[in-house]
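K.L.:
Protein sequences, first through last, are from chains A and B.
Numbering-wise (my numbering), the first sequence opens with residue 17 and increments by one.
Numbering-wise (my numbering), the second sequence opens with residue 17 and increments by one.
This is the structure I have questions about; it appears just below.
Protein chains: 2
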Amino acid sequence: MSPDPLDDTRQRLLTAAGEIFASVGFKGATTRDICGRAAANGAAINYYFRDKQGLYQAAVEAAHGCSPELANPHWPSSFTTADKLRTYVSKFLSQLLDPERPAWHARLMLREMAEPTDACVLLVEAYIRPMAMTLRAILDDSLPARLTESQRWMVGFSIVSQCLFYKTNRAVAKLLVGSADFNDFQVEHIADHIARFSLAALGLAPSAFRDSPAEAKR
Amino acid sequence: MSPDPLDDTRQRLLTAAGEIFASVGFKGATTRDICGRAAANGAAINYYFRDKQGLYQAAVEAAHGCSPELANPHWPSSFTTADKLRTYVSKFLSQLLDPERPAWHARLMLREMAEPTDACVLLVEAYIRPMAMTLRAILDDSLPARLTESQRWMVGFSIVSQCLFYKTNRAVAKLLVGSADFNDFQVEHIADHIARFSLAALGLAPSAFRDSPAEAKR
DNA sequence: CTTGAATTCAAACAAATGTTTGATACAGTT
DNA sequence: AACTGTATCAAACATTTGTTTGAATTCAAG
């Protein structure tokens, strides 16, 4: 069987495929590149995973199970809704942007989310929904009862979308802002802004984007 | 030369390429598909645009100049900041999601934004920055003077990111919400939510996501 | 040692894909 | 009519790419 399960050919293929699929997409990746990086023979893919598509599917499946802290976190009992939201945003953003990380986990997932294949349903159920449910739980603590289910989802989307932006559109953001000012866009600063913006939107904190909290007209 | 400039081979190639690149990406598109849809000979691409890459670049360039209303709009003089922001969000979202439209313009741009090639810089300057500047102008009317340039950009990003989400992650959103409730996610409803959420964040309207506007603690 | 299954390998294969070629038709100009 | 540059075309070309093949190699069990 496999001498060292960590250095198994099959395993090497999975991680190599994950990295390459994540960076150039399914069509962009060639089986030769993947086998090259995995130091495996060209036939290995078909031996272990039927075909390239099977390898992709397996790579996506292997990519999750890597953020237990966002799937079911345990907050200090002293935490307010605002505290929970702040740490949620911070954790989520770190996971997306932290340069040190296998990184391809998140990238592969984002790719699959933007252009779904068959593997998408699986990924949503196994990985995304748990994270979404914790956010929903945080929000439902403070959202008024009159809101519909759809409206609650929209609130959640408003928050995660702000985070996703800095991952998916990082290049555009940098071009717009300019490389100089873009130094201000560190994870902590971004997280801080998103939390502030969202908490004000939810009415859980006064808006930090007005001079006098009193007046509200033009 | 060209008998009918609207039915020019070169022009047919451009729109065919735009549609196909937009839907399957650069690597996913084959020159034969493109020439097939354009009813052009296989050599036409190389004749008019040197190579496939040249065609892509030309297609991206041809994709902009299609939203003058967001680049330099003229508001009724009665419009408040809130009014402007509401219509900006609505217009922007319509342009992204409206199913009837050449559509590939926006799709091709989003693709280029998410995975930038050489054409990205060009696209940002010609197409995105003008739209970004109108948003910045709207916001700067109400943002306090103490905010830095970077912070102002972040506020803008917080707003557009919410819109972009429903384009790029539509599939995931639908899976999460469920096909039934997803009927509520019409353009107008989404625009309405995003405007409400953002205006509250900016302190330009009371939050619609709290019961009593008085208390602010847990 | 032998057997037999699991794994690895070099080589080859067929299909797809971007590009080139050389011929042909067509327009306008001299 | 002869010439010229543009445009279109069918065919072929050279690579790339996913996959298959059949022979080696490994290795544990009998």
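Built from N, CA and C at the ideal position, the CB exists for glycine as well.
The model shown is predicted, which means the values in this text are computed figures rather than measured ones.
Can you tell which of A:Leu218, A:Phe225 and A:Leu139 has its C-alpha closest to the C-alpha of A:Leu101?
P.N.:
By 1-based counting over the first sequence, the position of residue 101 of chain A is 85. Relative to the Cα of A:Leu101, the nearest Cα in the group A:Leu218, A:Phe225 and A:Leu139 belongs to A:Leu218.
K.L.:
If contacts are defined as beta-carbon pairs under 8 Å, then A:Ala216 and B:Ala216 qualify, I think. What distance do you get, rounded to the angstrom?
P.N.:
The residue labelled residue 216 of chain A in the question sits at position 200 within the first sequence. The residue labelled residue 216 of chain B in the question sits at position 200 within the second sequence. So it is a contact: roughly 7 Å between Cβ atoms.
K.L.:
For B:Ile245, decide whether its Cβ has a neighbour in chain A, counting only Cβ atoms nearer than 8 Å.
P.N.:
For chain B, the structure presents residues 17 to 234; residue 245 of chain B sits outside this window and is missing.
K.L.:
Quick check on A:Ala38: does DSSP put it in helix, strand or coil?
P.N.:
The count along the first sequence starts at 1 and reaches residue 38 of chain A at position 22. Here A:Ala38 sits in helix by DSSP.
K.L.:
Rounded to a whole number of angstroms, what is the C-alpha to C-alpha distance between A:Thr184 and A:Phe108?
P.N.:
For this step, residue 184 of chain A is matched to residue 168 along the first sequence. For this step, residue 108 of chain A is matched to residue 92 along the first sequence. Rounded to whole angstroms, A:Thr184 to A:Phe108 spans 14 Å at the Cα level.
K.L.:
Based on Cα-Cα distance, which residue from B:Pro132, B:Val105, B:Arg168 and B:Val140 lies nearest to B:Ile206?
P.N.:
In the second sequence, counting from the first residue as 1, residue 206 of chain B sits at position 190. Selected option, being the one with the closest Cα: B:Val105.
K.L.:
Can the beta-carbon of B:Val188 be found closer than 8 Å to that of A:Met129?
P.N.:
Looking up residue 188 of chain B in the second sequence gives position 172. Looking up residue 129 of chain A in the first sequence gives position 113. Against a cut-off of 8 Å, the Cβ pair of A:Met129 and B:Val188 comes out as a contact.
K.L.:
Report the three-state DSSP secondary structure of A:Trp169 (helix, strand or coil).
P.N.:
In the first sequence, counting from the first residue as 1, residue 169 of chain A sits at position 153. In the structure shown, A:Trp169 sits in a helix (DSSP, three-state: H, G or I).
K.L.:
Look up A:His90 in the DSSP assignment and say whether it is helix, strand or coil.
P.N.:
What you label residue 90 of chain A is simply residue 74 of the first sequence in a count that begins at 1. In the structure shown, A:His90 sits in coil (DSSP, three-state: anything other than H, G, I, E or B).
K.L.:
Starting from the beta carbon of B:Glu165, find every residue of chain A whose beta carbon is closer than 7 Å, and list them in chain order.
P.N.:
As a working mapping, residue 165 of chain B is identified with position 149 in the second sequence. Correct list: Asp197.
K.L.:
Thinking A:Tyr64 and A:Phe37 are a contact (beta carbons under 8 Å), I'd like their distance in whole angstroms, please.
P.N.:
Numbered from its first residue, the first sequence carries residue 64 of chain A at position 48. Numbered from its first residue, the first sequence carries residue 37 of chain A at position 21. Actually they are not in contact, since the Cβ atoms of A:Tyr64 and A:Phe37 sit about 16 Å apart, beyond 8 Å.
K.L.:
For the alpha helix (DSSP H) that contains B:Asn185, what are its first and last residues?
P.N.:
Translated into positions along the second sequence, residue 185 of chain B becomes position 169. B:Asn185 -> no alpha helix (DSSP H), and no H or E assigned at all.
K.L.:
Beta carbon of B:Ala74, beta carbon of B:Thr25: below 8 Å?
P.N.:
Here residue 74 of chain B corresponds to residue number 58 of the second sequence, with the count starting at 1. Here residue 25 of chain B corresponds to residue number 9 of the second sequence, with the count starting at 1. In this structure, B:Ala74 keeps its C-beta atom at 8 Å or more from the C-beta atom of B:Thr25.
K.L.:
Taking the alpha-carbon positions, what's the B:Pro160 to A:Phe225 distance?
P.N.:
Residue mapping note: residue 160 of chain B aligns to position 144 of the second sequence, counting from 1. Residue mapping note: residue 225 of chain A aligns to position 209 of the first sequence, counting from 1. Between B:Pro160 and A:Phe225, the C-alpha separation is close to 6 Å.
K.L.:
To which residues of the same chain is A:Leu155 closer than 7 Å at the C-beta, ignoring the five residues directly before and after it?
P.N.:
Walking along the first sequence from the start, residue 155 of chain A turns up at place 139. For A:Leu155, where only same-chain residues beyond five positions count, the Cβ hits under 7 Å are Arg168, Val171 and Gly172.
K.L.:
Which residue marks the beginning of the alpha helix (DSSP H) containing B:Ser158, and which one marks its end?
P.N.:
Position 142 of the second sequence, counted from the first residue, corresponds to residue 158 of chain B. Where B:Ser158 is concerned, there is no enclosing alpha helix (DSSP H), given that its DSSP letter is neither H nor E.
K.L.:
By DSSP, does B:Phe201 sit in helix, in strand, or in coil?
P.N.:
For the purposes of this step, residue 201 of chain B is identified with residue 185 of the second sequence, where counting begins at 1. In this structure, B:Phe201 counts as coil in the three-state DSSP scheme.
K.L.:
For the alpha helix (DSSP H) that B:Arg127 lies in, which residues bound it at each end?
P.N.:
Residue 127 of chain B sits at position 111 when you count from the first residue of the second sequence. Note, B:Arg127: alpha helix (DSSP H), Trp120 to Ala130.
K.L.:
Out of B:Ala33, B:Asp67, B:Gln69 and B:Lys43, which has the shortest C-alpha to C-alpha gap to B:Gly52?
P.N.:
Taking the first residue of the second sequence as 1, we reach residue 52 of chain B at position 36. The residue with the shortest Cα to Cα distance from B:Gly52 is B:Ala33.
K.L.:
Any idea if B:Glu35 is buried or exposed, counting beta-carbon neighbours within 10 angstroms, 16 or more meaning buried?
P.N.:
By 1-based counting over the second sequence, the position of residue 35 of chain B is 19. So B:Glu35 ends up on the buried side.
K.L.:
Nearest chain A C-beta to B:Thr184 closer than 8 Å, yes or no?
P.N.:
Within the second sequence, residue 184 of chain B is the residue found at index 168, counting from 1. At least one chain A Cβ lies under 8 Å of B:Thr184.
K.L.:
Within the continuous alpha helix (DSSP H) that includes B:Ser195, where are the two ends?
P.N.:
Counting from one through the second sequence, the residue named residue 195 of chain B turns up at place 179. No alpha helix (DSSP H) holds B:Ser195; DSSP gives it neither H nor E.
K.L.:
Name the chain A residues that come within less than 9 Å of B:Ser214, Cβ to Cβ?
P.N.:
As a working note, residue 214 of chain B is residue 198 in the second sequence. Simply Ser174, Phe213 and Ala217.
K.L.:
Figure out for me which residue from A:Glu131, A:Asp157, A:Gln111 and A:Phe42 has the closest Cα to the Cα of A:Gly70.
P.N.:
Looking up residue 70 of chain A in the first sequence gives position 54. Of the candidates A:Glu131, A:Asp157, A:Gln111 and A:Phe42, the one whose C-alpha sits nearest the C-alpha of A:Gly70 is A:Phe42.
K.L.:
Of the choices A:Ala59, A:Thr103, A:Ile144 and A:Thr133, whose alpha-carbon is the least far from that of A:Glu204?
P.N.:
If you number the first sequence from 1, residue 204 of chain A lands on position 188. When only C-alpha atoms are compared, the closest one is A:Thr103.
K.L.:
Would you identify the three-state DSSP class for A:His80, choosing helix, strand or coil?
P.N.:
Residue numbering aside, residue 80 of chain A sits at position 64 when the first sequence is read from its first letter. Three-state result, A:His80: coil.
K.L.:
Against B:Pro132, what residues of chain A qualify as contacts under a CB-to-CB distance less than 7 Å, listed in chain order?
P.N.:
Position 116 of the second sequence holds residue 132 of chain B. Residues of chain A passing the Cβ test: Ala187.
K.L.:
Would you mind working out which of B:Asp49, B:Cys136, B:Ser214 and B:Pro92 sits nearest B:Leu29, comparing C-alpha positions?
P.N.:
As a working note, residue 29 of chain B is residue 13 in the second sequence. Here the closest residue by C-alpha is B:Asp49.
K.L.:
So is B:Trp120 buried or exposed if we call it buried at 16+ other beta carbons inside 10 Å?
P.N.:
Here the question's residue 120 of chain B lines up with position 104 in the second sequence. By the neighbour-count rule (16 or more Cβ atoms within 10 Å), B:Trp120 is buried.
K.L.:
Going along chain B, which residues have a C-beta under 7 Å from A:Asp67?
P.N.:
Here the question's residue 67 of chain A lines up with position 51 in the first sequence. Those within 7 Å of A:Asp67 in chain B number zero; the least Cβ separation is about 17 Å.
K.L.:
Among B:Ala54, B:Gln202 and B:Ala79, which has the Cα closest to the Cα of B:Leu138?
P.N.:
Counting from 1 along the second sequence, the entry for residue 138 of chain B is found at position 122. Closest by alpha carbon: B:Ala79.
K.L.:
For A:Phe225, name the three-state secondary structure that DSSP assigns.
P.N.:
For the purposes of this step, residue 225 of chain A is identified with residue 209 of the first sequence, where counting begins at 1. Three-state result, A:Phe225: coil.
K.L.:
Against chain B, with Cβ distances strictly below 8 Å, would A:Trp169 count as a contact?
P.N.:
Residue numbering aside, residue 169 of chain A sits at position 153 when the first sequence is read from its first letter. Taking Cβ atoms only, chain B reaches closer than 8 Å to A:Trp169, which makes this a yes.
K.L.:
Would you report the Cα separation of A:Glu141 and B:Pro89, rounded to the nearest angstrom?
P.N.:
As a first step, residue 141 of chain A is located in the first sequence; it is residue number 125 there, counting from the start. As a first step, residue 89 of chain B is located in the second sequence; it is residue number 73 there, counting from the start. Computed Cα separation, rounded: 42 Å.
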